[in-house]
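Undergrad: Dumping the structure here so I can ask a few things about it.
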Amino acid sequence: VVTDKMIEDDAKTPGDIVSWGIGQQGQRYSPLKQINAQTINKLVPVWSFSFGGEKQRGQESQPLIHDGKMFVTASYSRIFALDAKTGAKLWKYEHRLPDGIMPCCDVINRGAALYDNLVIFATLDAQLVALDQKTGDVVWKEKIDDYAAGYSASAAPLIAGGLLLTGVSGGEFGVVGRVEARNPKTGALVWVRPVVEGHMGYTFDKDGNKKENGISGTAGKSWPGDLWKTGGAATAGRHLQPEDGLAYFGTGNPAPWNSHLRKGDNLFSCSTVAIDVKTGQIVWHYQNTPNDGWDFDGVNEFVTYDDGAQILGGKADRNGFFYVNDAKTGKLVNAFPFVKKVTWATGIDLKTGRPNFVPENRPGDPTAGADGKKGNVVYAAPSFLGGKNQMPMAYSPDTKLFYVPANEWGMEIWNEPITYKKGAAYLGAGFTIKTNSDGPIGALRAIDPKSGKIVWEATNNAPLWGGVLTTGGNLVWWGTPEGFLQAADAKTGKIVWKFQTGSGVVAPPVTWEDKGEQYVAVVSGWGGAVPLWGGDVAKKVNYLEQGGSVWVFKLMK
Ligand SMILES: O=C(O)c1cc(C(=O)O)c2c(n1)C(=O)C(=O)c1cc(C(=O)O)[nH]c1-2
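Each residue of the sequence shown is one higher than the last, beginning at 188 in our numbering.
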């Protein structure tokens, strides 16, 4: 069984992987060093397993390893248990999805959580399913919300302080983003904390009686009129790391996209919020993009690290800036661009913590347009698919660098009139994603959070969409849409190994050890938001093939 202690210690115990992020700080760092620049030429596949069926599309899952088993989710809300040594299938669960699901950005899933004898994952119709790790039998199932109103769930649930923490997706449909805590063994709700200012949330007692949390008083303060009631800020989840009992959630864009309809900061959209795991109260928030007008969905993970003096958190935001905040207070410590072209702001003021906006680069107000139906079109960079999107970065305590999968692109974007209608897209904007140049779009960047310098980069033609792993063997691992899993020297960026997995990699690699041997695994299967929403870039990479498999590697004896 998986205990709280095992989850807390995950980063230090390379014999298993029992959390998304390989440890609660989400550093995706493993101390293992059997595989290194000297030995890696002997790295070969041990097994590969196909997710099969007709259901392929994007595969973004981080595998978990426990008790000799691999637990890996797949597209269309599927989960497999495999023998970690041989790849033999132990069981499969296919969630029965209704026809009307509305995930915005492909039928993906990022992974599961382990707790006690259970493996728990979220589904595209906004449910949570807990299965017995041994048999795959459903132990409990709970509905998060109504998929017909646009709710879905894609992120891996997280365990903190003995609770199961989950977010919601659906920002493009005017849902209200929130974080929920449940008893992981039963699925019973413990607290609910919406992350749109005005909503206060609830706690539940042992008998399931609901109690409103505190008194609102701030309803709509940073939102005009009733817009906070459909304010978006989906907590597509993506991450948390309990440090001082806090869970950090990135929040999505405010709804609708047309920012002229919602004068004000629109808290707590496009922010990092730190939530007290015990009470469900927001302890601090830092807003990366106040009054967002570009869909700079700030769900990116807040990865905490010890800089010697204090615990800080790094976040490579969709909006093109890398932020360093004090993990305890949220105070901004550093902020700098990690992509070459940023049009919407000239920088982040370290004193006030606010961006210096470039007003003429905000898409215009449609009511001010010639026909009242289309606002001024602007070219904005990064594109709404972001300087970085869902793919989790890594941090190495050895090199003290962050390894960030970044993309250079822009978009034409304009606003249109819009009114909220349940279950309908709630954007009020049109857009086309564009390339900034004919050159490579992707770049894996090694970033020094102190100096803001890019220490090295490894460029990639297609936009990078897979997460990163770094290891004590001085290696950085990531996959490419072109299908390669590759490893580079963590200090220099020199690529020392690559392997073709058969389809694009949009998932984070993992590593573990068993009986003295180090294993590496990654899921392969091209998809996610790029082929669906990528405009000119989607056309540029339309030769990439779909797939659905997991690969495992170790050193040849
Ligand atoms: O606002 C939301 O609720 C929401 C959810 C998700 C998701 O659940 O994956 C994505 C996005 N937004 C989004 O804006 C986005 O670019 C995106 C890309 C991806 C992906 O997996 O490739 N998901 C999402």
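Every residue gets a Cβ at the ideal spot worked out from N, C-alpha and C, and that includes glycine.
Going by other Cβ atoms of all chains shown within 10 Å of its Cβ, with 16 needed for buried, is residue 546 buried or exposed?
TA: By the 10 Å Cβ count, residue 546 comes out exposed.
Undergrad: What is the DSSP secondary structure of residue 481, counted as helix, strand or coil?
TA: DSSP places residue 481 in coil when its eight states are reduced to three.
Undergrad: Taking only heavy atoms of ligand 1 into account, decide whether any of them is closer than 8 Å to the Cβ of residue 436.
TA: No, since every heavy atom of ligand 1 falls outside the 8 Å radius drawn around the Cβ of residue 436.
Undergrad: Could you tell me if the beta carbon of residue 690 falls within a distance shorter than 8 Å of some heavy atom in ligand 1?
TA: Checking every heavy atom of ligand 1 against the Cβ of residue 690, none is found closer than 8 Å.
Undergrad: Considering only DSSP beta bridges, list what residue 741 is partnered with.
TA: In the DSSP output, where bridge partners are listed per residue, residue 741 has 231, 706.
Undergrad: Report the residue from 687, 573, 356, 525 whose alpha carbon sits nearest the alpha carbon of residue 643.
TA: Per the Cα distances, 525.
Undergrad: Give the straight-line distance between the Cα atoms of residue 499 and residue 561, rounded to the nearest whole angstrom.
TA: One C-alpha to the other measures close to 43 Å.
Undergrad: Checking the sheet assignment: what are the DSSP bridge partners for residue 314?
TA: According to DSSP, which records beta bridges pairwise, residue 314 is partnered with 330.
Undergrad: Could you name the residues of the same chain whose beta carbon sits closer than 8 Å to that of residue 684, not counting the 5 residues immediately before and after it, in chain order?
TA: The answer, listed in chain order, is 227, 228, 230, 673, 674.
Undergrad: Three-state secondary structure (DSSP) at residue 554?
TA: Here residue 554 sits in helix by DSSP.
Undergrad: Give me, in chain order, the residues of the same chain whose beta-carbon lies closer than 7 Å to that of residue 399; leave out the 5 immediate sequence neighbours on both sides.
TA: Within the same chain, residue 399 has close Cβ partners 387, 389.
Undergrad: Quick one: is residue 537 buried, meaning 16 or more other Cβ sit within 10 Å of its Cβ, or exposed?
TA: Burial call: exposed.
Undergrad: Among residues of its own chain, excluding the 5 on either side of residue 552, which ones have a beta-carbon nearer than 6 Å to its beta-carbon?
TA: 447, 562.
Undergrad: Name the DSSP bridge partner or partners of residue 697?
TA: In the DSSP output, where bridge partners are listed per residue, residue 697 has 708.
Undergrad: Going by C-alpha to C-alpha distance, which of 338, 287, 303 sits closest to residue 309?
TA: Ranking 338, 287, 303 by Cα distance to residue 309 puts 338 first.
Undergrad: In chain order, which alpha helix (DSSP H) runs of at least 4 residues are fully inside the stretch 493 to 548?
TA: As far as the stretch 493 to 548 is concerned, it has no whole alpha helix (DSSP H) run of at least 4 residues.
Undergrad: Curious, which full-length beta strand (DSSP E) runs of at least 3 residues does the stretch 373 to 453 contain?
TA: DSSP runs (the beta strand (DSSP E)) wholly in the stretch 373 to 453: 376 to 381, 389 to 391, 397 to 399, 433 to 437.
Undergrad: Taking the DSSP output, what are the residues bridged to residue 471?
TA: Per DSSP, 461.
Undergrad: What's the gap between the Cα of residue 250 and the Cα of residue 411?
TA: So the alpha carbons of these two residues sit roughly 43 Å apart.
Undergrad: Here's a check: name, in chain order, each residue in its chain whose Cβ is nearer than 8 Å to the Cβ of residue 331, leaving out the five neighbours to either side.
TA: Around residue 331: 309, 313, 314, 315, 338, 340, 353, 355, 367.
Undergrad: With which residues is residue 293 paired in a DSSP beta bridge?
TA: Per DSSP, none; premise fails for residue 293.
Undergrad: Taking the beta strand (DSSP E) that residue 222 falls in, what are its first and last residues?
TA: Segment: none, residue 222 is in no beta strand (DSSP E) and carries neither H nor E.
Undergrad: Quick one: complete beta strand (DSSP E) runs, 3+ long, within the stretch 614 to 673?
TA: Taking only runs of at least 3 residues, the beta strand (DSSP E) segments lying wholly in the stretch 614 to 673 are 616 to 622, 629 to 634, 641 to 647, 655 to 658, 662 to 666.
Undergrad: So is residue 696 buried or exposed if we call it buried at 16+ other beta carbons inside 10 Å?
TA: When all chains shown are included, residue 696 counts as buried.
Undergrad: Are at least three pairs of beta-carbons, each pair with one atom in the stretch 431 to 445 and one in the stretch 600 to 617, less than 8 Å apart?
TA: Yes: at least three Cβ pairs fall under 8 Å.
Undergrad: The alpha helix (DSSP H) with residue 723 in it runs from where to where?
TA: Taken as a continuous stretch (DSSP letters only), the alpha helix (DSSP H) holding residue 723 covers 722 to 727.
Undergrad: Residue 344 to residue 307, Cα distance in whole Å?
TA: Distance between the alpha carbons of residue 344 and residue 307 is about 7 Å.
Undergrad: Is the distance from the Cβ of residue 652 to the Cβ of residue 578 below 9 Å?
TA: Closer than 9 Å, so yes.
Undergrad: From 454, 477, 569, pick the residue whose C-alpha is nearest to that of residue 506; which is it?
TA: Checking every option, the nearest Cα to that of residue 506 belongs to 569.
Undergrad: Given the structure, does residue 342 come close to ligand 1, in the sense that its CB is under 8 Å from one of the ligand's heavy atoms?
TA: Answer for residue 342: yes, Cβ within range of ligand 1.
Undergrad: Name the one or two DSSP bridge partners that residue 604 has.
TA: None; residue 604 has no bridge partner.
Undergrad: Between the alpha carbons of residue 573 and residue 193, how many angstroms are there, rounded?
TA: Looking at the two C-alpha atoms, the distance is approximately 34 Å.
Undergrad: DSSP three-state call for residue 195: helix, strand or coil?
TA: Residue 195 falls in the helix class under three-state DSSP.
Undergrad: Considering residue 592, what are the terminal residues of the beta strand (DSSP E) in which it resides?
TA: Taken as a continuous stretch (DSSP letters only), the beta strand (DSSP E) holding residue 592 covers 588 to 594.
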